[in-house]
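Residue numbers (the numbering used here): 38 to 133.
If you want it as structure tokens, here you go:
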């Protein structure tokens with residue numbers, strides 16, 4: 038269950054464009070980068086924040102979700118076809 042919690046938090050951070058720093062070293066590096074970018078007016082250092090307000094991970098997340106939906110749809114259609122094929126002419130399910 039712990040991994041599912043982590044995956045959910047990472048997904049939410051990506052979808053809502055939240056910077057995440059998972060250890061003190063990355064937190065320090067990100068703080069320094071943001072400070073320099075803001076002090077020097079260097080919008081090119083973090084363009085997704087300054088220009089689009091969208092995380093690059095959002096497009097990846099949406100593509101993965103679309104792929105999962107299509108796979109689920111294919112699986113359901115296969116299940117329905119199997120159930121229909123397992124019925125005889127009287128409508129009795131012979132899968133048991």
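Glycine included, every Cβ here is placed at the ideal spot set by N, Cα and C. No experiment lies behind these values; they were computed from the predicted model shown.
ask   = What is the rounded straight-line gap between the Cα of residue 76 and the Cα of residue 53?
value = 25 Å
query = In whole angstroms, what separates the C-alpha of residue 99 from that of residue 112?
reply = 20 Å
task = Determine the DSSP secondary structure at residue 56, reduced to helix, strand or coil.
result = coil
ask   = Quick one, are the C-beta atoms of residue 57 and residue 50 less than 8 Å apart?
value = yes
inquiry  = If I follow the unbroken alpha helix (DSSP H) through residue 82, where does it start and stop?
reply    = First-last for residue 82: undefined, no H or E at that position.
Within 8 Å, strictly: CB atoms of residue 83 and residue 96 = no
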